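If you're matching positions, the sequence shown starts at 330 in our numbering and goes up one per residue.
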Amino acid sequence: MIRGTVSVMRMLHCSVVAATLVASSGAHATCAMARIGPRVMTTRSTVIPADGGVLVGYQFGGTGGEFTDDDPSAAAGWTASDGTHPIGLTRISLAPGLSVWKLAGNAPTTITGKDAKPIGAFTHDAKLPAVAMPAPQPTSATTSTAPSFRSSTTTSTVTLAKAPPPDAVALIVYAAGAPITYAQLPDTHDKLTKLAVFEAGGRCALPMPGHALSSGTYTFAYVDAFGRLSPQSKPLRGKS
Numbered sequence: 330m331i332r333g334t335v336s337v338m339r340m341l342h343c344s345v346v347a348a349t350l351v352a353s354s355g356a357h358a359t360c361a362m363a364r365i366g367p368r369v370m371t372t373r374s375t376v377i378p379a380d381g382g383v384l385v386g387y388q389f390g391g392t393g394g395e396f397t398d399d400d401p402s403a404a405a406g407w408t409a410s411d412g413t414h415p416i417g418l419t420r421i422s423l424a425p426g427l428s429v430w431k432l433a434g435n436a437p438t439t440i441t442g443k444d445a446k447p448i449g450a451f452t453h454d455a456k457l458p459a460v461a462m463p464a465p466q467p468t469s470a471t472t473s474t475a476p477s478f479r480s481s482t483t484t485s486t487v488t489l490a491k492a493p494p495p496d497a498v499a500l501i502v503y504a505a506g507a508p509i510t511y512a513q514l515p516d517t518h519d520k521l522t523k524l525a526v527f528e529a530g531g532r533c534a535l536p537m538p539g540h541a542l543s544s545g546t547y548t549f550a551y552v553d554a555f556g557r558l559s560p561q562s563k564p565l566r567g568k569s
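Now the structure itself:
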């Protein structure tokens with residue numbers, strides 16, 4: 330049973346603009362997978378540190394037999410077990426569509442989806458070091474709207490002074506201290522300095538969690554695959 334706070338993984342495509350790599354949460358060419366579902370982001374390493382958990386976001390099509398119009402990182406119907414006994418899961422919301430699940434105890438744990446199929450197996454190592462990612466260094470945050478097929482698309486884009494650290498798997502955006510959206514980072518992002526943190530509209534009008542940026546003030550933080558956060562950046566004024 331999942332317990333904890335009530336609160337998703339953007340499938341990103343990358344394109345080169347000038348010499349800068351841009352990650353975008355663009356729509357699929359077809360609308361056949363317009364619903365979203367949960368996706369485990371803790372995949373590079375499945376050894377959970379003492380201060381971490383299993384990070385869950387979203388993707389189109391979902392994982393674990395669940396599709397939802399709500400926050401997919403809630404992953405309703407997922408369970409955990411050590412093979413003999415249930416393992417407690419406590420969910421902490423990090424951003425709309427992004428949560429970290431803390432596993433009770435230190436036993437090897439398998440998470441099973443709503444469709445009764447295993448989603449991932451995890452072990453624990455209390456000796457793993459705490460996260461040491463630097464704060465992001467954003468230089469601009471802009472929102473624009475452009476015509477698209479029979480519609481329009483609104484995209485919020487963040488530019489960074491330097492690429493995210495290797496351990497980062499996503500960038501979270503905060504307004505007045507509260508998370509409003511996030512963007513998943515591709516596995517290889519050593520040259521990435523621009524990324525779309527929100528996109529809405531387009532031909533399929535895909536239901537992405539979160540909110541577009543405006544002319545308000547924002548801060549940013551990286552999150553690693555275990556749900557651990559970097560310090561937040563200095564405030565930055567958005568433009569729209």
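All C-beta atoms in this analysis are idealised placements derived from N, C-alpha and C, irrespective of residue type, glycine included. All values reported here derive from a predicted model rather than from experimental measurement.
Report buried or exposed for residue 566, applying the criterion of at least 16 other Cβ atoms within 10 angstroms of its Cβ. Residue environment for residue 566: exposed (fewer than 16 other C-beta atoms within 10 angstroms of its C-beta).
Just verifying my parser: in three-state terms, what is the DSSP assignment at residue 403? Looking at residue 403 - three-state DSSP - the assignment turns out to be helix.
Go ahead and label residue 376 buried or exposed: buried means 16 or more other beta carbons lie within 10 angstroms of its beta carbon, across all protein chains shown. Residue environment: residue 376 is assigned as exposed (fewer than 16 neighbouring CB atoms within 10 Å of its CB, all protein chains considered).
Less than 8 Å separating the beta-carbons of residue 432 and residue 499? Not in contact: residue 432 and residue 499 (Cβ atoms no closer than 8 Å).
Is there a C-beta anywhere in chain B that falls below 8 Å from the one on residue 366? The structure shown contains no chain B, having only a single protein chain.
Can you say whether residue 350 is buried or exposed, counting buried as having 16 or more other CB atoms within 10 angstroms of its CB? Any reading at residue 350 must be qualified, since the residue scores a pLDDT of 32, below 50, and its modelled position is unreliable; the value itself is stated next. With 16 or more Cβ atoms within 10 Å of its Cβ, residue 350 is classed as buried.
Where residue 458 and residue 423 are concerned, what is the direct C-alpha to C-alpha distance, given to the nearest angstrom? So the alpha carbons of these two residues sit roughly 21 Å apart.
DSSP three-state label for residue 542, please. If DSSP states are grouped into helix, strand and coil, residue 542 belongs with coil.
Which of helix, strand or coil does DSSP assign to residue 563? In the structure shown, residue 563 sits in coil (DSSP, three-state: anything other than H, G, I, E or B).
Since I believe residue 469 is in contact with residue 488 (beta carbons under 8 Å), could you give me their beta-carbon distance rounded to a whole number of angstroms? Their Cβ separation, rounded to whole angstroms, is 4 Å, which keeps residue 488 and residue 469 in contact under 8 Å.
If you drop the 5 nearest sequence neighbours on each side, which residues of the same chain put their C-beta closer than 6 Å to that of residue 483? Excluding positions up to five away in sequence, the list reads 474, 529, 530 and 541.
With 16 as the cutoff for other CB atoms within 10 Å, does residue 467 come out buried or exposed? So residue 467 ends up on the buried side.
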